[in-house]
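A short worksheet on the structure shown next.
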Amino acid sequence: MRPAPSLLLFTVLSGAGFGTLALAALGGATPTVWAAGHALVLAGLVASTFHLAHPLRARFAFSRLRTSWLSREAWGAVAALALLVPVAVTDLAGGLRPASWGIPGAFACLGTVISTAMIYGQLRAVPRWHHWTTPALFLGFAAAGGAVIAVPGPSAAALCVALSAGLAASFVFGDRRMARLSLTLEHATGLARFSRVRSFEQPSTGPTWLTREIVDGRPRLRALRWLAVLLAGVVPAAVLILAPGAVPLAAALHLAGAVVARWLFFAEARHVAGLYHGVPLAPKDPSEPATSAKD
């Protein structure tokens, strides 16, 4: 699929921001941490509006709470920010508070991240997303990013390394899972039990929104996968251990890795509609030429 820059920024920045706010709520935080968390969340929310054809209609996202993960995400974000107001004010005023005060806000932050992930995880038409690893990775990035900013140290470094391991595993086992599905044009047409199906004409006479946005024969991008694994967790962990004072550098490296990983999340996803265009669900080896519905 074609990743929209606004979606990349929204999911990465808001995820790291809510992770930061959740940890700040549970353990107390300095004004800098609270400011960083809120800045990331607000920047992500602003970025999300650029993906809308009519940004003024964003208010309608709140109208389908019972049936829409997008609506749950919107309400979760508002609830999290509202619940964290008294907690943040207490910390900023230098007052003492029990950690339990921050639990509702922290859960709202995590719920918002899960809701964001489930917008994609619920889609059966994109098998790579329709798996428990989607919300797990979104939570992993939120936890690691939040830890780097809110509680930098050995624990944050360990979370970053765990995130890198999980991300690498998701690439490997995700490819294997797609290959095992063995979905073909025969399955797409419902004729698999009769005979082999061959396409003699393209499904459309010219480029469409479908072929531009969600049907792409992009191969596996191993170099970018390695870059995502290293930048998202391994390198920030090394910075936190070897240069404990370089927290901004570690956070910047992690966010850069998160952007690369999220770009791959969108770019390597295959919609089942691609089967009609001769694009298999399992990504090709990078040594093979890419195919596209536009060809």
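Each residue of the sequence shown is one higher than the one before, counting from 44 in the numbering used here. Cβ coordinates follow ideal geometry from the N, Cα and C atoms, glycine included.
Sequence-distant residues of its chain with Cβ nearer than 6 Å to residue i (five each side left out)
i: D338; result: Residue placement at D338 is poorly supported in this model, since its pLDDT is 41, which falls under 50; the coordinates still yield a value, given next. Closer than 6 Å at the Cβ level, and outside the excluded window around D338, lies no residue.
i: V278; result: L296
i: V55; result: A301, V302, R305
i: A122; result: A151
i: P195; result: L283, V290
i: A96; result: none
i: A47; result: H94
i: I162; result: W112, L113
i: A117; result: A104, F105
i: L50; result: H94
i: A90; result: S49, L52, F53
Cβ-based neighbour list, residue i, same chain, cut-off 7 Å, excluding 5 preceding and 5 following
i: A190; result: L66, S198, A199, L202
i: A186; result: G62, L202
i: G87; result: L52, F53, L56, S57, G60
i: R167; result: H173
i: G183; result: L206, G209
i: L234; result: V240
Residue i, buried or exposed, once every other Cβ within 10 Å from all chains shown has been counted against 16
i: F237; result: exposed
i: F103; result: exposed
i: W216; result: The sequence shown places Phe at residue 216, not Trp. Flag for F216 reads exposed.
i: H173; result: exposed
i: R171; result: buried
i: G137; result: exposed
i: V272; result: buried
i: F214; result: buried
i: S106; result: exposed
i: T176; result: buried
i: F181; result: buried
i: V322; result: buried
i: S242; result: exposed
i: G249; result: exposed
i: V19; result: Nothing can be reported for residue 19, as the shown portion of the chain is limited to 44 through 338.
i: R109; result: exposed
i: S143; result: exposed
i: A149; result: buried
i: G288; result: exposed
i: R313; result: buried
i: R421; result: An answer regarding residue 421 cannot be provided, because it is not within the stretch 44 to 338 covered by the chain.
Sequence-distant residues of the same chain with beta carbon closer than 8 Å to residue i, five excluded per side
i: L318; result: L226, T227, L228, H230, A231, L324
Proximity test, residue i beta-carbon vs the ligand FAD heavy atom, cut-off 7 Å
i: A186; result: This structure simply doesn't include the ligand FAD, nor any ligand for that matter.
Cβ-Cβ separation, residue j to residue i (assumed contact under 8 Å), whole Å
i: A193; j: V76; result: 5 Å
i: S158; j: G119; result: 5 Å
i: V26; j: G145; result: What the structure shows of the chain is the stretch from 44 to 338, and residue 26 is not part of that stretch, so it cannot be assessed.
i: A68; j: L127; result: 6 Å
Beta strand (DSSP E) segments (min. 3 residues) lying fully within the segment 115-153:
none
In chain order, which continuous runs of the alpha helix (DSSP H) of length 4 or greater are located wholly inside the segment 214-280?
228-232, 252-256, 265-272
Ordered list of alpha helix (DSSP H) runs contained in the segment 51-114, each at least 4 residues
74-92
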